[in-house]
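Heads up: the sequence shown at position 149 corresponds to 149 in this note's numbering, and the numbers run straight through without jumps.
The beta-carbon is built from N, C-alpha and C at its ideal position, and this holds for glycine as well.
As the structure is a computational prediction, the values presented were derived from the model and not from experiment.
Report on the structure given below.
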Amino acid sequence: IGLAVYLGLPIFLGASLFAVGAAVLIAVLTLKKRHRIDTFIGLIWAVGMAIGVIFVDLTPGYNVDLMSYLFGSILAVSSSDLYFMAALLVLILLVVTLRYRDILAVSYDSEYAGLRGVNVRFFYTLTLILSALTVVISIKVVGLILVIAMLTIPVYIAEKLSSSLFSMMFISGTIATLFTLVGLWFSYTYDLTSGASIILVSAVSLGLFLLLYRGK
């Protein structure tokens, strides 16, 4: 975001380019060391945030509301942002639909997938790129800081309720949509920040789910 502001590029375009570059870098660093992926993600995340802040500091007279990108604001979403989100969503759904089996094989057993002739390096990198673009799509709604919770809580719940990757993706997407709608209603009703409201609804729902799930 900071680089896009500095270069005068559309925010989503700059964020997407940097996210894709970071995803490729993570793929290169962790392809043979999957157990280190959390370390490299944290490192690149911190360095990226630092670089963004520095570029914002170097931009003379910038007038971008960075708080809307850090914590999210549904009111900050413009028509062009919606078109960009829709395009990325179609791209992600298209890739996942057409290459579902390859992505599934690489996600669960990359060595066996390689023996079957699947290009593990390509699909591993592609999966990280799609994940990075998903983060970009979510930035304007829940914010850069809170997006991780939005990507993990619905998936955690869906994992307990599904028996396949496809069903988990569908259920997690449905749950995330419900969390977003309820969070926006909560935000509108009580005049609160939309991103924080969505995450609060997600966290409370997760707590209730854990209580009910343990009771079974």
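Residue interval of the alpha helix (DSSP H) (run including I1)
Segment: none, I1 is in no alpha helix (DSSP H) and carries neither H nor E.
Check your understanding: Mapping DSSP to helix, strand and coil, what is R116?
Key -> coil
- Query: Mind checking I1: buried by the 16 CB within 10 Å criterion, or exposed?
  - Reply: buried
Whole-angstrom distance between G48 and R99, CA atom to CA atom: 30 Å
From E111 to D81, what distance separates their C-alpha atoms? 39 Å
Consult DSSP for V77 and reduce its assignment to one of helix, strand or coil.
coil
Discussion item. Please return the same chain residues whose Cβ sits closer than 6 Å to the Cβ of S197, not counting the five positions on each side in sequence.
Written reply: G183, F186 and S187
Under the three-state reduction of DSSP, which class applies to D109: helix, strand or coil?
coil
The alpha helix (DSSP H) with D38 in it runs from where to where?
I37 to L58
Spatial distance of S194 from F18 (CA atoms):
25 Å
Segments assigned alpha helix (DSSP H), at least 4 residues, entirely inside the stretch 159-216 = 165-190 and 194-214
As assigned by DSSP and simplified to three states, the class of R121: helix
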